[in-house]
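Take a look at the structure below.
Numbering (the working numbering), first residue to last: 6 to 279.
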C-alpha cells in the first residue's frame, strides 16, 4: 500500500522520448481511447445491424474528434481559465503546445462540457452535410464512448492532474505531501464502466431512436456529480455556489436537459402509438 500511496513520486508522466520529442502516458491513453471508441462503434453497428456504413463512420469520427478538441479547449478557456481575455486577444496561443521557454508541454486545459457542445455541433453539421440520421449516430456514440472514456480518466491519473480532495482513506495517493482521493479512477469506473452498463441495458430494450444518447447524458451527469464530491474543485474557481463545484453545476444542468428530452421523446412516442 505504501508503494501505491507514493506512486506519483516513483512514476514518470513521460512514457518515452522519440528524437527528443516527449511522449506522455496521457497522450498514449488518449490515442487508445479514440481507437477503442471507433472499434466499439463499428462492433455495435455490426452487432445490432445499424444503418451506417463503415466509410461514413470513419469520416464521422474525424469530424467528431475535431469538434471535441475545439469544444473542450474553448470551453475550458471560457469557463475555467483565468486568462480568458488573453486568449481572446491572442487566439494563436489557444493551441500552442509550447511554454514560454519553448519546451513542449502539450495542450493543457480541456473541459468535458465544452467537448460535449463541440461534439454535438460536429455531429449536427456532419449529418446535415451527408444526409445521415442524427439520433442514430448519437446512439452509436452513447454505446462506444463510455468504455473508451475509461482510458481518458486513467490518462488523467497517470498525468498527475485533476487531483482528488484531501482524505485519509488507505488507498489515497500522496500529492505534494497530502493524501488525496484517486478521484480520476473513481471517474473512470463510474463515468465509464457503470455508465456503459446502463446504456447497454437500455439498448436491449430501446424504444426510440435517440434514447441511448439521452440516457448516456443523464447517467454521465449523475456519475460526474457524485465523483465531484471526491475531486478537488478547479483551482481558478473553487466552490461556485451552495458548496458545489462548477463541474457539479454543469452536470445538474446537463441532467435536467437530458431528463427534459427523455420525457419529451417518451411522451411523443406514446402519442404516436395512441
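Think of the CB as a built atom: it goes at the ideal place given N, C-alpha and C, for glycine as much as any other residue. None of the values given here were measured: they were computed from a predicted structure.
Can you pull the DSSP bridge partners for residue i?
| i | result |
| --- | --- |
| residue 285 | Residue 285 cannot be examined here, being either before or after the span of the chain that is shown, 6 to 279. |
| residue 169 | 236 |
| residue 250 | 244 |
Quick check: residue i and residue j, are their CB atoms within less than 8 Å of each other?
| i | j | result |
| --- | --- | --- |
| residue 84 | residue 259 | no |
| residue 231 | residue 195 | yes |
| residue 42 | residue 150 | yes |
| residue 262 | residue 254 | no |
| residue 213 | residue 270 | yes |
| residue 249 | residue 223 | no |
Please decide whether residue i counts as near chain B, where near means a Cβ-Cβ distance under 8 Å.
| i | result |
| --- | --- |
| residue 128 | Considering every chain present, this structure includes no chain B. It has just one protein chain. |
Would you identify the three-state DSSP class for residue i, choosing helix, strand or coil?
| i | result |
| --- | --- |
| residue 59 | helix |
| residue 226 | helix |
| residue 270 | helix |
| residue 245 | strand |
| residue 149 | helix |
| residue 161 | helix |
| residue 115 | coil |
| residue 176 | coil |
| residue 136 | coil |
| residue 34 | helix |
| residue 279 | Because residue 279 sits at a pLDDT of 37, beneath the cut-off of 50, its placement in the model cannot be relied upon, and the following sentence gives the value as read from the coordinates. In this structure, residue 279 counts as coil in the three-state DSSP scheme. |
| residue 259 | helix |
What do you get for residue i, buried or exposed, if any count of 16 or more other CB atoms within 10 angstroms of its CB means buried?
| i | result |
| --- | --- |
| residue 185 | buried |
| residue 273 | exposed |
| residue 6 | exposed |
| residue 182 | exposed |
| residue 22 | exposed |
| residue 63 | exposed |
| residue 14 | exposed |
| residue 53 | exposed |
| residue 243 | exposed |
Open item on the list: Extract the residue ranges of the beta strand (DSSP E) inside the stretch 179-234, only unbroken runs of 3 or more that lie entirely within it.
Closed with: 183-185
- [ ] Can you check the stretch 64-96 for any alpha helix (DSSP H) of at least 4 residues that lies completely inside it and give the ranges in chain order?
- [x] 89-94
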